[in-house]
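Read through the structure below, which is laid out as structure tokens, and then see the notes.
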Amino acid sequence: MDSVGALLLVGCGKMGGALLRGWIDSGIPAADITVVEPSAEPVAALGLDPAPAVYASLGDLPVDYAPRCVILAVKPQIMGDVAPDCRRFAEAGAMTLSIAAGRTIRSFEEALGGGAAIVRAMP
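Each number in the numbering used here corresponds to the 1-based position in the sequence shown with 18 added.
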């Protein structure tokens, strides 16, 4: 059985947490969101009930996990370590959205592959 999710949020600090809260408040079911955050505390602090699934690292996700959209909400200085681990999702057709300042589309193409669907935005 395939493991498909609508949204994969990588990083749940202040910006990621605000996005997550907004999605839940707007009616996106927690079951459609997966969070990757080294510490579960930021997600728990939001008091979401039900809460989305939380994994400590991208490597902990099920091998067959296939999000439709990956939202990269990590600090720009660690993006170079995180983005390449999302290449499998981009290659499977997931769109990647980054909210990191100072990172170019080109840097994401290098990490995710030239055919990746990439969006940069500042919330």
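Even glycine gets a Cβ: it sits at the ideal position worked out from N, Cα and C.
*Taking just the CA atoms, how far does Asp43 sit from Ser75?*
Position 57 of the sequence shown, counted from the start, is the residue given in the question as residue 75. Position 25 of the sequence shown, counted from the start, is the residue given in the question as residue 43. Taking the straight line joining both Cα atoms gives about 25 angstroms.
*alpha helix (DSSP H) runs contained entirely in the segment 26-65, provided each spans 4 or more residues*: Counting only runs of 4 or more, we get 32-43, 59-63.
_What does the alpha-carbon distance come out to for the pair Glu59 and Tyr73?_
Locating residue 59 in the sequence shown gives position 41, counting from the first residue. Locating residue 73 in the sequence shown gives position 55, counting from the first residue. Their backbone Cα atoms lie some 12 angstroms apart in a straight line.
*asked:* Could you check whether Val88 and Gly29 sit closer than 7 angstroms to each other, using their CB atoms as the reference points?
replied: Here the question's residue 29 lines up with position 11 in the sequence shown. Here the question's residue 88 lines up with position 70 in the sequence shown. In terms of Cβ geometry, Gly29 and Val88 do not form a close pair [threshold 7 angstroms].
*Could you tell me how far apart the beta carbons of Ala24 and Arg86 are, in whole angstroms, since I believe they sit closer than 8 angstroms?*
Stepping through the sequence shown from its first residue, residue 24 is reached at position 6. Stepping through the sequence shown from its first residue, residue 86 is reached at position 68. With a Cβ gap of about 5 angstroms, Ala24 and Arg86 count as contacting.
*Would you identify the three-state DSSP class for Arg11, choosing helix, strand or coil?*
Nothing in the structure corresponds to residue 11, since the chain is present only between 19 and 141.
*Coil, strand or helix - Pro85 by DSSP*: Locating residue 85 in the sequence shown gives position 67, where the first residue counts as 1. Here Pro85 sits in strand by DSSP.
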